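Below is one structure; the comments refer to it alone.
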């Protein structure tokens, strides 16, 4: 009926503009909230949610209890919902929308579907009308008739939907968020508010997850701890490691610091620990002779990297380049590196970017006799050079540099360079690039 | 001869009293030059303790930073050498607020870049945290942190953490505080080279670094100053000038024995 007819029937009708995108977003958020029940959730149509609760029922004390908590939670978020559990998505869809049974026992799908109207098979309106004209009004009418004439008349959809509902054909559901391969989960009957209990649960989750990883000979590189709060919010804490780890103790230490700053609100109702990134890890033997570079150093590097950022902990390796600031590259600390360092004398500290200095140089090719840096004048007592380093023409057009190692009157040693060659009219610039020891 | 033995025994007992909780038999890392090693209790730098290096401020702290960094690198190399089984050097950690350490320049001081972990910690509090975490791990030969200033409580914490066996060196770039819990405190600055050599340096001659190294405070020893030269190829110290004795009495005491 049109809006005018509806208003005529009910004078005080409240009318709101439809917002499909907003509704879709809200459904997405609800699917995210439902992750505390199962890692496999997805929006269904525009008005429902799929949850794959295979193996999750026991955490809640049975599937009926899970359904009760689900509808409770959804209701608290401001929606009215009807939920059902069955062994196929099609049967569950039908039971939630058209049936009264909450939990459909395995194998009872056929009996449950039989008295339902044709729309319970997720067929479109035209097909339902067509079947109705033929006198097929209930699902039980379809169960025993031959398929070929139906397919000729209505296409393959009817048979497919029937097979999906009865479990004869597979129906995969794409999860709303990627499901990690290694997950450990704990659900609490009452909201957990005690910090010590949260840490104890984290230890249990780590044990379980490491046991899972052990069975597959893998180690975790990245772990995510998801804390589901009673008020519907979710906090994620992620840690990373430099090498695959399967030992609960160092992983617990990585989480300890982060747990301090987490606000659990009125309490937690579920905690999940997942390992989104894992690497193969062979079983290791206990090593009685430990030399430097053992697992403890990797653990130290992980702790430093988790607090300061992965780019803050590094080692150095040589790169084949003459340009001084490009001659060094970062590498993972203490990883094996067989490349040789160049033999030319180089400063201990390199200023980046090079600092411009004012220089008094008498003759073009001679080293400077005086330079001014940070407000002080340094008179040059000894100098060697020039060491000419040309720009890498294949990368950019950087000018040639002439480097000089100078020692001033106090004995401090500097690495200066002149950028560019002397040209008529153009005064080349001088820079301080490093300090020698 | 019993006089000498009794004298040595008496010296050891006085040293134990002076050092307090640090035991006389603590492992040390010798610097490789007798003049400095003899001035240090135990014949070298204590391995499980806190040491401080201050950048000399006379000619400008920034200019002297190179010399102090070179001396710090030499200390780290000495701590890393000769520990563990065979030739396996334990790694060393260097923590800076802003990374300006240049790896090709480390080899001149005996420090192998392959066994060096560099950490960037932007805030001073984070530098101290990094040092404490690394000291607790006990898998490193030495750690070095660059700080502007450090108060007594923090230095005491580092000294306690270092007692597990890893040496901790602080490179202080700011002015000196009054009291610190460090076992030795050094002040290092550059020194001009010999006038005779000027103008005769070969184009590719690295030359020897010359430093004025001052032992400002030492638990169990006296304050001294030296002028030393560090050769980049042989990785050794040599004396550049006669010892500059600050106090008369210890020299006479040595000569008598």
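Protein chains in written order, with the numbering used here: chain F, 1 to 437; chain C, 1001 to 1257.
For each residue, glycine too, the CB sits at the ideal point set by N, CA and C.
No experiment lies behind these values; they were computed from the predicted model shown.
First and last residue of the uninterrupted alpha helix (DSSP H) at residue i
i: residue 64 of chain F; result: 63-76
i: residue 107 of chain F; result: Premise fails: residue 107 of chain F is in no alpha helix (DSSP H) and is neither H nor E.
i: residue 250 of chain F; result: 248-260
i: residue 274 of chain F; result: That residue, residue 274 of chain F, is in no alpha helix (DSSP H); its beta strand (DSSP E) goes 268-280.
i: residue 1071 of chain C; result: 1061-1080
i: residue 1036 of chain C; result: 1034-1039
i: residue 210 of chain F; result: 195-215
i: residue 1132 of chain C; result: 1124-1137
i: residue 124 of chain F; result: Taken as a continuous stretch (DSSP letters only), residue 124 of chain F belongs to no alpha helix (DSSP H), as it is neither H nor E.
i: residue 97 of chain F; result: 89-98
i: residue 1154 of chain C; result: 1152-1162
Partner residues on chain F for residue i, Cβ-Cβ distance less than 8 Å
i: residue 1130 of chain C; result: 304, 308
i: residue 1048 of chain C; result: Those within 8 Å of residue 1048 of chain C in chain F number zero; the least Cβ separation is about 16 Å.
i: residue 1065 of chain C; result: 349, 435
i: residue 1137 of chain C; result: 296, 297, 299, 300
i: residue 1109 of chain C; result: 348, 437
i: residue 1121 of chain C; result: 308, 312
i: residue 1133 of chain C; result: 300, 303, 304
i: residue 1054 of chain C; result: Result: empty, since nearest Cβ-Cβ is about 16 Å, beyond 8 Å.
i: residue 1077 of chain C; result: Going along chain F, no residue has its Cβ under 8 Å from residue 1077 of chain C, so there is no contact; the nearest lies around 12 Å.
Between the CA atoms of residue j and residue i - distance to the nearest angstrom
i: residue 1155 of chain C; j: residue 1136 of chain C; result: 15 Å
i: residue 185 of chain F; j: residue 300 of chain F; result: 28 Å
i: residue 405 of chain F; j: residue 1176 of chain C; result: 30 Å
i: residue 276 of chain F; j: residue 175 of chain F; result: 15 Å
i: residue 212 of chain F; j: residue 241 of chain F; result: 18 Å
i: residue 418 of chain F; j: residue 385 of chain F; result: 11 Å
i: residue 225 of chain F; j: residue 1139 of chain C; result: 29 Å
i: residue 1231 of chain C; j: residue 278 of chain F; result: 48 Å
i: residue 238 of chain F; j: residue 257 of chain F; result: 12 Å
i: residue 198 of chain F; j: residue 1235 of chain C; result: 55 Å
i: residue 1161 of chain C; j: residue 1128 of chain C; result: 11 Å
i: residue 55 of chain F; j: residue 84 of chain F; result: 16 Å
i: residue 1257 of chain C; j: residue 1010 of chain C; result: Note that residue 1257 of chain C has pLDDT 42, beneath the 50 cutoff, so the model's placement of it is unreliable and the number below is only indicative. Each residue's alpha carbon lies about 13 Å from the other.
i: residue 1201 of chain C; j: residue 1193 of chain C; result: The pLDDT assigned to residue 1201 of chain C is 46, lower than 50, so where the model puts this residue is not dependable; a value taken from the coordinates is nonetheless given after this. Answer to the nearest angstrom: the Cα atoms are 11 Å apart.
i: residue 293 of chain F; j: residue 322 of chain F; result: At residue 293 of chain F the pLDDT is 47, less than 50, meaning the model places this residue with poor confidence; the figure from the coordinates comes in the next sentence. Computed Cα separation, rounded: 31 Å.
i: residue 27 of chain F; j: residue 47 of chain F; result: 8 Å
i: residue 156 of chain F; j: residue 73 of chain F; result: 38 Å
i: residue 120 of chain F; j: residue 93 of chain F; result: 8 Å
i: residue 366 of chain F; j: residue 1125 of chain C; result: 46 Å
i: residue 51 of chain F; j: residue 87 of chain F; result: 12 Å
Neighbour list for residue i in chain C, Cβ cutoff strictly below 7 Å
i: residue 351 of chain F; result: 1100
i: residue 346 of chain F; result: 1102, 1104, 1105
i: residue 217 of chain F; result: Result: empty, since nearest Cβ-Cβ is about 26 Å, beyond 7 Å.
Bridge-paired residues (DSSP) for residue i
i: residue 44 of chain F; result: F:48
i: residue 1182 of chain C; result: The partner list for residue 1182 of chain C (beta bridge, DSSP) is empty, contrary to what the question assumes.
i: residue 238 of chain F; result: F:224
i: residue 1119 of chain C; result: F:313, C:1095
i: residue 21 of chain F; result: The partner list for residue 21 of chain F (beta bridge, DSSP) is empty, contrary to what the question assumes.
i: residue 378 of chain F; result: F:371
i: residue 1218 of chain C; result: C:1184
i: residue 117 of chain F; result: F:138
i: residue 155 of chain F; result: The partner list for residue 155 of chain F (beta bridge, DSSP) is empty, contrary to what the question assumes.
i: residue 1190 of chain C; result: C:1211
i: residue 403 of chain F; result: F:387, F:417
i: residue 490 of chain F; result: Since the first residue shown for chain F is 1 and the last is 437, residue 490 of chain F is missing from the structure and cannot be characterised.
i: residue 60 of chain F; result: Residue 60 of chain F is not bridged to any residue.
i: residue 1052 of chain C; result: C:1170, C:1185
Range of the contiguous beta strand (DSSP E) that encloses residue i
i: residue 352 of chain F; result: 349-360
i: residue 332 of chain F; result: Note, residue 332 of chain F: premise wrong, no beta strand (DSSP E); not H, not E.
i: residue 1233 of chain C; result: Note, residue 1233 of chain C: premise wrong, no beta strand (DSSP E); not H, not E.
i: residue 191 of chain F; result: 183-192
i: residue 419 of chain F; result: 413-419
Under 9 Å from the C-beta of residue i: neighbouring residues of chain F
i: residue 1117 of chain C; result: 297, 300, 301, 304, 313, 314, 315, 333, 334
Contact set between residue i and chain F, taken where Cβ atoms lie within less than 7 Å
i: residue 1210 of chain C; result: 411
i: residue 1159 of chain C; result: What residue 1159 of chain C touches in chain F: nothing, since even the nearest Cβ is about 20 Å away.
i: residue 1070 of chain C; result: 348, 437
i: residue 1062 of chain C; result: 374
Near-chain C residues of the region 49-62 of chain F - C-beta to any C-beta below 7 Å: So nothing in the stretch comes that close.
Which residues of the region 1174-1198 of chain C have a Cβ closer than 7 Å to any Cβ of chain F? Give them in chain order. 1190, 1191, 1192, 1193, 1198
Near-chain C residues of the region 311-345 of chain F - C-beta to any C-beta below 7 Å: 312, 313, 314, 315, 316, 327, 328, 333, 334, 337, 341, 342, 345
Cβ-based contacts, 9 Å cut-off: residues of the region 406-427 of chain F near chain C: The region 406-427 of chain F vs chain C, Cβ under 9 Å: 407, 408, 409, 410, 411, 412, 413, 414.
Of all the residues that make up the region 155-168 of chain F, which are near chain A by a beta-carbon distance shorter than 7 Å? Reference to chain A is not applicable here, since the protein chains of this structure are F and C.
By the 9 Å beta-carbon criterion, what residues does the region 222-250 of chain F contribute toward chain C? none
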